[in-house]
Structure formats: C-alpha cells, structure tokens
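Taking it in order: structure first as structure tokens, then the write-up.
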Amino acid sequence: GDLDLGAAGVLLLPDQSGAHPHLLISAGKNGTAYLIDRENMGRYNTNNDNQIVQSLVGIFPSGGILTGNFISPIYFNGTVYFSPIADKLKAFRLSNGLLPTGPTSQSVASYPYPGGPLAVSANGNAGGILWALQRNGASNPGVLRAYDASNLGIELYNSSQAGARDTLPVGAKFITPLVANGKVFVGYTSQLTVFGLLDTAPAASDPQAPTVPGTLTATAVSSGQVNLSWGASTDNVRVAEYRVERCAGGETCTNFLQVATMAITSFNNVGLDPATSYVYRVRAADAAGNVSAYSNVASATTPAAPDTQVPTAPTGLTATVVSSTQINLGWGASTDNVGVSRYRVERCVVASCTSGFIELTPLPTGPSFNNVGLAPATSYRYRVRAEDAAGNLSGYSDVASATTLSPPPQPAGLVAAYGFNEGSGTTVTDSSGNNNVGTVSGAAWTPAGRYGSALVFDGTSTSVTVPSSASLVLTTGMTLEAWVYPTVAPTGWRAVIDKNADGYYLMASSDQGNRPAVGGSWTAGNQNTVGPTALPVNAWTHLAGTFDGTTVRLYVNGVEVASQAQATSLVNTAETLQIGADKFAGENFAGRIDEVRIYNRALSPAEIQADMAVGVDGGGGPSGAPDTTPPTVAITLPAAGANVAGTVKVSATAADNIGLGSVWFLVDDAPLGPPIHAPGPYSVLWNAAGAAPGPHIVKAVAADVAGNTATSAPVTVTVPAPSPTVVQQGLWSGPFDWSPLVAVHMTLTPTGAVLIWDGEEEGLLSARLWDPSSGLFADVPNSANLFCSAHVVLPDGRVFVAGGHQADFIGIPDANIFDPLTGTWTLGRPMAFA
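Residue numbering for the sequence shown follows my numbering, beginning at 1 and increasing consecutively.
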C-alpha cells in the first residue's frame, strides 16, 4: 500500500531541550507520528533507524490509502497540532524535546478526508487561535472552525453557526486558511472568502482566580515517564489552562520549573531520567491571567532503566566423573553489569546428541553443578550459559564431556543397596540387583549427600518404603549400614532401617539415653545392642549393625562400640522394609540418610570401613577412586616447651576428606589411654606425676574410615624435678563457704577439681565441681537424685556413680558416668538391683 512516511510533509521545529535539540516532525498514511533528529539523516539503515528519536505508533486511524495523516502539522508555543483523516484535531505538548504518548487536548468535531488544513493566529505567544478548514465531502459546504490553541476542546467559532451569512461554498481539498491583518482568507475553486477575526480581549475585567486543582497524583509508568492527573478547577468565566511545575531531588526540593501548560486535567511527562525522584505541583489560570493556588505536591520515582546487557559466557567448563551415576561440573563465573542470578546447564547423551541438549534442574546459582542419577558407563556432553535477573542470557560455554564409571562389582551377600543418586522423583533404585525398589513418601532430595545426593526426612511423616521380598529375609547373618546426618538431636526410638515390625532394625537413637542401637526379633526374643554415646547433630556418622549367628555388634564410624551374644536365628517378618521410619508413630528420623546397604551376612570391620569409603554407586573421593588420603591431626594441648606436673589434659584436633575413624595419644611412643572414636572430642588425662623428670614427647595418631593413618608433629614438654625442700606440710586452710550445698558425696577428680552433690531438698539435681585453687563452683547438673550412691574414679579419669535415691529406703538402679574433661554426665545401662 501507499503508506508513505511523508504524505503530509515535514515540520521543522524550533530548537528543543533534551538529548536531541534539532528536530523534524512528520506523520503519514500509516498512522504514526515520527520525531526525527535532523542532524542524523545520512543514510537509511534497515536494522537501526537511529535518526528516529520517537515514534508514536497508531495515534491516528490507519489501514487504507485514505487514512492516516495527509495534512502537514503546525507548531505554536511548544505545541504541535495534527489534523488526521476521520479523526479529531489533536494537540501534543512538547516536553524535553519529546511528545507525550497521548494528545494534550483534542477537538470535539472530527475531520473527514483529507483532514483539516491548519493555521494559527496569536498575539506573540498569547491569545492563540487554531484555524482549521473542514471539508464535508464533494457536495456539502465546508466549515471554518476556530479553537482555543491551549485547549482544542474549546471551539470559539465555526462558520455554520451564523447561518447564510458565513456559509462557505462546497469545500475544496488541501486549502490552508491564511490569517493576515485581522482577517482570515479561505480560497475555493471559484471564489475567495474573507472573515473578520474575533476579538480575543476580555469583554470585562475579571479579577476572580480559579479554584485550586483537585488532588494531584503522580505515577511512574516507565524509566523515562511519569503520568500526572488532577481534579478540575472551576472559574467564574472559564479555566484557560493548567500550569504544571516540576523539580527533581525528592520531597524537599524547592526549585520548581514550569514544564507544561495543559488544557486538560492530565499530563504525561516523558523524557525523564531513570531512577530519579520527581516532585510536581499544578495551578490553574483563566483567560484574564488570574492563577489559582497550587495543588498538593505529588512525587514519583522512575524505575531503573531496563537491563539489556547480557552476562559474559561461562569459561573453562569441566566435567569430572564421581561415580557410575554422577558427574560434577565446574566453570569460571560469568560477570554482568548488574549481577548473574543463575546458570542454565544443558546436557545430551553422546549417543543421541543429534536430538539436541536438554536443560537440567534445579538451576544452580553458583559456578558448579552435580549431575546425579546418570546411567553407568555412559558418555555425556554439557554446556552452560548465564542468566541475569532481567532474563538476559549469555552465550554458551565450551562443551565438556565425561563418561560415567562402570558399576562396581557387588560384594557377596548384598541384598539391598540405595545410593539415593536419583536426585528427584518418588522411586529409589536397588543397586544390589535384587530389584528391591523403594517408594519415596514426602522425603526431599538434596545434592548434599555423603556421596552424591541424599534424602532429607522431616522426623514426622516422611519415609522410603520397600515391599517385602525373599531376598530381604535374614536369618543367621545380617549387616545393616547407613550414613546419617541428624538435623535435630534424635530422642527416643528413631528409625534409620526397619524391617517391620522390628524384624531387624538400625536406630539413630533409642530409649536408652537417646543412643544409637541395632536390634531385632530372634527366636530367643527381642534384643537391642546400644551404643555408648548419642549421635552428633549436623554431622555425618556411619552406623552399622552386624549379626554373625553368635554375636550382635554395633559399629560407629567403622569402629565397634557395643556387642552382645545371640545364638538364635532372626524371626522372619512379612511386612515392608522402611528407611527413615517404621510402623510405629513418633519414630521417624529427622535429617539426611545416604548410602544404605543390607547384607545377609556379617561384614568384618575392614569390610565395613571399605563400604564407608565408597558410595553404593561407586563414588568415593573427588575422582571416584578408593580413598587413599590420610587424615590430618595436630596436638593442641599441652603447648610445646611447657613444663607439666600433676594431671595434664592432652588434646588434639583431627579431620579427614572422607571420614575420620578414631584418634589416640602417645607419650614417648607408649599408648596413653584407648582410641577415641569420631567425632571426639579428642582429649585424655596424663598423670605426669608418675613420669620421670625431664623431657617427654607427646603425639597424636589419627585413622580414617579407609584405614589411612597420620601422626601429628611431636610436642616436647618437660616434667620438672621435684623441689628438694618441703617448705610447709600438713596445715589446714580456713573454712570455705559451700552453702547451700551440704556435700554428702564428694570425689577428687584427676583434674584436681572436687565433684560434690548432696541429693537433699536444696540440691536434688545440683552436682557441682569445686576448684580448690580459685574457690569457685561450676554447675554440672545430674539427671537423677544421686543421694546414697557409690562412686569411684575409673582408670580413664571418669567418675562412675552407682545407684541413687527415690524415697526413704528406696534406691534406683541407675549407672551414671561423669567426665571431668567435658563436665557432662552419661547414663549407662541400668543395674539389675537398686
């Protein structure tokens, strides 16, 4: 179609404020008005018409050859006027060198083809009148109309209102009125008609100002535009215009400048700066020049400019095989002018990469991603791109490839194994080959497993359930294994593995002091083997329970911690196997569980430690190979070069890349106490009083779950020779105030502190440690009334307390152990008699 740009010609505007001061304006048949930078018109560019400063698309009717705009626009006092076909006359008030998105004012009457040629008469910039000639078809008289140039909604005159006196001939096309010497000249095909101008001076003095405009509101609609609206003012004659003033700088700014005069009660302020606060006020003016008081002040802040800059592409993508089902990705972080919000990782299987890459979830926010749930012995390709908060995507990284390991050979007797590397979904696969598939109920997936991903249980209602099968029937042999990560301290019975109902089970805690346990139902009855201490919170611990036909054993981090004789067979149960729960209410586990294994035979300690060092699906250290990295260990007490005497606390710190097993101490290469199992604390007491005077070497040795060991750097201390002279001996001190405690029981601990308690009304659970050197007491509350108990210091320095008090002549069968190094009590197995 003939939708050319310049059907109406081009208007040259006076210099404007803003980024483009030298402007042209035109509108054609396509219904769009164009604001053009006349300093940038060197060529036509199909990709970027950057000479077009502003396009007001669709502001005039369009769609045919006789639509749009045929009449050249005109300019007067900051306003551009258009006369489109089959539309109203429209005025657009310029602001900062830009047009508003809608008309400032418009006429009531519409103008048929070809629109109304325009002219303006004025006294300088005052008293402006817009003249328009309306053609009413080929057989009707034309009409000359006059409008208030500040408000086209106000028609001052039209030539049909005076009857035959002012009637024009049948209109001709494209006739522009000419205003000169107080007259308007209108040409036609066969005649020239001359009209006398209206007197625009006020008929009488008007001293009354308009009322204050109604509530002013300001709304930021984009990073460069704020729209204003207000309530109309009234006047005894007529409101001629509204004067809009603006200042930038927040609510307290005072340097207002007028930015627009409007005939209507709204104004769209365009060409503003992004992320800037603007404040506005409005007042009304009448034709006599009277102005109202200001409206209320309204403010708005333009949002930041849209972010269109893409992040840089990720660099150095690497793909590292972890196991038969996992590949870990890493890459150099992208940068962005605002900030990278996340990365999109895509993968394809090399054998079918022609079908394209697929996007993986969840989308990582950092430069790494662990891809779990993969097929063994399969090659994969990966690529990554970055995304910012605005949705801008970077280019792709280079492609990285890796092949998952072949699945490891399964050891003898493995009947069920769950690596939880699916990473999503409601099904867990049995890696033993026995098809004991589990269903996930409510548990959440996490990539932060012991090896690869794991399941997170809520301690209330979540579980994995496996149907009963012949392979899960255990009789004369059993091993139950799992890595557990409690997120709250387990209390009471909390199930890790349970063949319902209590056929065999591994518990994170029990009703015996919240300590872990292994148990089951044997022909001789139910039996539980309980560990010595509760599990740590927010740390990984490996639990294993075995039965070899004669003995039940419990292992913590690969070290046997408890055992009991059992010579009968396990009783078969036909109910489900559950992980993280059992059929009894309130026994759900809270935390992560990973790498669950069930055998129909008892594994040796070495086999358990080998399982600890590798995932079910073959994952181990960073490369997926067996762990050969030794732990680290260092002495923290006593300090090197110290002089020591009496009872000395010896401490160490230790860590391992996979899992720490135990730590033990040496003095002059001789063992000092038994090994201390992970997670510690790693401390013992050394009776230096029994050591020969002179230097002594203290060391610590650490072993990890894979059997790797490391020895700390030696620390040399000195036991000084005894003083040859006894200055004073056998004197009593003055009395000490021990109130309110009446110390019925007291024991001197190896640390030199005295453990005391009474058990009467003032101190039922109020054991204290008294330091003779400072005279200070430390509260070490006991868990039961230990009045009328027996106590003795064990060889390792702990205090064993037997019995206690319930009522007159009635004791309790409790067995308690106090550790003076940690200041804590541990409840042991109850005695047979109180």
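We put the CB at the ideal spot given by N, CA and C, even for glycine.
Check: How many angstroms separate the CA atom of valine 437 from the CA atom of glycine 419?
Finding: Indexing the sequence shown from 1 puts residue 437 at position 437. Indexing the sequence shown from 1 puts residue 419 at position 419. Using only the alpha carbons, I get a separation of about 12 Å.
Notebook entry, point to check: Under three-state DSSP, which class holds methionine 41?
Noted result: Reading the sequence shown from its first residue, position 41 is the one you call residue 41. Three-state result, methionine 41: coil.
Next item on the list: Measuring alpha carbon to alpha carbon, tell me which of Val221, Gly224, Tyr242 ends up nearest glycine 231.
Entry: Position 231 of the sequence shown, counted from the start, is the residue given in the question as residue 231. Closest by alpha carbon: Tyr242.
Check: Going along the chain, which residues of its own chain have a beta-carbon closer than 8 Å to the beta-carbon of threonine 573, five neighbours each way excluded?
Finding: Here residue 573 is taken as the residue at index 573 of the sequence shown, counted from 1. Correct list, in chain order: Ser468, Lys499, Asn500, Ala501, Asp502, Gly503, Ser521.
Next item on the list: Express the C-alpha separation of alanine 778 and proline 674 in angstroms, rounding to a whole number.
Entry: For the purposes of this step, residue 674 is taken as the residue at position 674 of the sequence shown. For the purposes of this step, residue 778 is taken as the residue at position 778 of the sequence shown. Computed Cα separation, rounded: 28 Å.
Next item on the list: Verify whether the separation of the beta carbon atoms of glutamine 258 and valine 244 is less than 8 Å.
Entry: Position 258 of the sequence shown, counting from 1, holds the residue named residue 258. Position 244 of the sequence shown, counting from 1, holds the residue named residue 244. A contact, by the Cβ cut-off of 8 Å.
Next item on the list: Can you grab the Cα-Cα spacing for the pair serine 510 / asparagine 528, in whole Å?
Entry: Against the sequence shown, residue 510 aligns to sequence position 510. Against the sequence shown, residue 528 aligns to sequence position 528. So the alpha carbons of these two residues sit roughly 9 Å apart.
Next item on the list: Please report the Cβ distance between alanine 602 and threonine 749, rounded to the nearest whole angstrom; I am assuming they are in contact, meaning their Cβ atoms lie under 8 Å.
Entry: Translated into positions along the sequence shown, residue 602 becomes position 602. Translated into positions along the sequence shown, residue 749 becomes position 749. That belief does not hold up - the Cβ atoms of alanine 602 and threonine 749 are roughly 40 Å apart, past 8 Å.
Next item on the list: Determine which residues share a DSSP beta bridge with valine 345 and list them.
Entry: Working through the sequence shown from its first residue, we reach residue 345 at position 345. DSSP output for valine 345 lists Val384 as bridge partner(s).
Notebook entry, point to check: Once you ignore the five residues that flank phenylalanine 111 on each side, which residues in its own chain have a CB closer than 6 Å to its CB?
Noted result: On the sequence shown, position 111 is the one that residue 111 refers to. A small fix is needed here, since residue 111 is tyrosine in this sequence, not phenylalanine. Closer than 6 Å at Cβ, skipping near neighbours: Ser83, Gln134.
Next item on the list: Would you grab the beta carbon distance between alanine 865 and asparagine 151 for me? Rounded to a whole angstrom, and I think it's under 8 Å.
Entry: This structure cannot speak to residue 865, because the chain is shown only from 1 to 834.
Item checked: Whether glycine 68 touches isoleucine 85 by CB criterion (8 Å) -> The sequence position of residue 68 within the sequence shown is 68, counting from 1. The sequence position of residue 85 within the sequence shown is 85, counting from 1. Result yes, Cβ atoms of glycine 68 and isoleucine 85 sit closer than 8 Å.
Next item on the list: Output the distance between the C-alpha atoms of alanine 631 and lysine 699, rounded to the nearest integer angstrom.
Entry: In the sequence shown, the residue the question calls residue 631 occupies position 631. In the sequence shown, the residue the question calls residue 699 occupies position 699. Alanine is not the amino acid found at residue 631; the sequence shown has proline there. Cα-Cα distance, rounded: 15 Å.
Check: Looking only at its own chain, which residues have a Cβ that is under 8 Å from the Cβ of glycine 641, when we skip the five neighbours before and after it?
Finding: By one-based count along the sequence shown, residue 641 stands at place 641. Result list for glycine 641: Thr716, Val717, Thr718, in chain order.
Notebook entry, point to check: Is DSSP giving proline 141 helix, strand or coil here?
Noted result: For the purposes of this step, residue 141 is taken as the residue at position 141 of the sequence shown. Three-state DSSP puts proline 141 in a strand.
Next item on the list: Determine the direct distance from the alpha carbon of alanine 721 to that of asparagine 538, and round the result to whole angstroms.
Entry: Within the sequence shown, residue 538 is the residue found at index 538, counting from 1. Within the sequence shown, residue 721 is the residue found at index 721, counting from 1. Going from the Cα of asparagine 538 to the Cα of alanine 721 covers about 47 Å.
Margin query: Which same chain residues end up closer than 7 Å to glycine 621 when comparing Cβ atoms and leaving out the 5 residues on each side of it in sequence?
Written below: Residue numbering aside, residue 621 sits at position 621 when the sequence shown is read from its first letter. Low local confidence applies: a pLDDT of 46 at glycine 621 is under 50, so the model's placement there is unreliable, with the coordinate-based value given in what follows. If we look at glycine 621 and ignore the five residues flanking it on each side, its Cβ neighbours are Asp627, Thr629, Asn657, Ile658.
Item checked: Proximity of asparagine 514 and alanine 495 at Cβ, strictly below 8 Å -> Counting from one through the sequence shown, the residue named residue 514 turns up at place 514. Counting from one through the sequence shown, the residue named residue 495 turns up at place 495. Against a cut-off of 8 Å, the Cβ pair of alanine 495 and asparagine 514 comes out as no contact.
Notebook entry, point to check: Across which residues does DSSP place tryptophan 483 in a beta bridge pair?
Noted result: Taking the sequence shown and counting its residues from 1, one reaches residue 483 at position 483. Looking at the DSSP assignment, tryptophan 483 forms a beta bridge with His542, Asp594.
Item checked: Run of the beta strand (DSSP E) containing alanine 180, from where it starts to where it stops -> In the sequence shown, the residue the question calls residue 180 occupies position 180. Counting along the chain, the beta strand (DSSP E) containing alanine 180 begins and ends at 178 to 180.
Check: What residue from Val596, Thr550, Met612 has the CA that sits closest to glycine 558's CA?
Finding: The sequence position of residue 558 within the sequence shown is 558, counting from 1. Among Val596, Thr550, Met612, the Cα nearest to that of glycine 558 belongs to Met612.
Note to self: Three Cβ pairs or more, each shorter than 8 Å: is that satisfied between the region 382 to 400 and the region 316 to 324?
What the structure shows: yes
Notebook entry, point to check: Buried or exposed: glycine 137, going by 16 or more other Cβ atoms within 10 Å of its Cβ?
Noted result: On the sequence shown, position 137 is the one that residue 137 refers to. Exposed is the call here.
Next item on the list: Report the residue from Thr709, Val340, Gly797, Arg553 whose alpha carbon sits nearest the alpha carbon of valine 663.
Entry: In the sequence shown, counting from the first residue as 1, residue 663 sits at position 663. Cα-wise, what sits closest to valine 663 is Thr709.
Note to self: For a test of the three-state rule: what should DSSP assign to methionine 831, helix, strand or coil?
What the structure shows: Within the sequence shown, the letter at position 831 stands for residue 831. Three-state result, methionine 831: coil.
Notebook entry, point to check: Alpha carbon to alpha carbon, how far is tyrosine 343 from proline 274?
Noted result: As a first step, residue 343 must be located in the sequence shown, where it is residue number 343. As a first step, residue 274 must be located in the sequence shown, where it is residue number 274. Spanning the two alpha carbons is a distance of roughly 28 Å.
Checklist line | Straight-line Cα distance separating valine 282 from proline 210 | finding: One-based indexing of the sequence shown puts residue 210 at position 210. One-based indexing of the sequence shown puts residue 282 at position 282. Computed Cα separation, rounded: 12 Å.
Checklist line | Own chain partners of glycine 549 with C-beta closer than 6 Å, once the 5 adjacent residues on each side are dropped | finding: Here residue 549 is taken as the residue at index 549 of the sequence shown, counted from 1. Only Thr476 meet the Cβ criterion.
Item checked: Segment limits, beta strand (DSSP E) that includes proline 695 -> Here residue 695 corresponds to residue number 695 of the sequence shown, with the count starting at 1. It spans 694 to 704 - the beta strand (DSSP E) in which proline 695 sits, taken as one unbroken run.
Next item on the list: Could you name the residues of the same chain whose beta carbon sits closer than 6 Å to that of valine 350, not counting the 5 residues immediately before and after it, in chain order?
Entry: Along the sequence shown, one-based indexing puts residue 350 at 350. Ser379, Arg381, listed in sequence order.
Item checked: Simplified DSSP state of aspartate 398, which is helix, strand or coil -> For the purposes of this step, residue 398 is taken as residue 398 along the sequence shown, with counting starting at 1. Here aspartate 398 sits in coil by DSSP.
Checklist line | Neighbour flag for phenylalanine 665 against chain D, beta carbons, 8 Å | finding: Of the protein chains in this structure there is only one, and it is not chain D.
Notebook entry, point to check: If we call anything under 8 Å between Cβ atoms a contact, is leucine 329 one with serine 355?
Noted result: Along the sequence shown, one-based indexing puts residue 329 at 329. Along the sequence shown, one-based indexing puts residue 355 at 355. Their beta carbons are not under 8 Å apart, which means leucine 329 does not touch serine 355 by this criterion.
Check: Between which two residues does the beta strand (DSSP E) containing isoleucine 812 stretch?
Finding: As a first step, residue 812 must be located in the sequence shown, where it is residue number 812. It is not in any beta strand (DSSP E) - isoleucine 812 carries neither H nor E in the DSSP assignment.
Next item on the list: Could you tell me whether the Cβ atoms of isoleucine 52 and isoleucine 36 are closer together than 8 Å?
Entry: By one-based count along the sequence shown, residue 52 stands at place 52. By one-based count along the sequence shown, residue 36 stands at place 36. Closer than 8 Å, so yes.
Note to self: Mapping the DSSP letters down to three states, classify alanine 275 as helix, strand or coil.
What the structure shows: On the sequence shown, position 275 is the one that residue 275 refers to. Coil, per DSSP.
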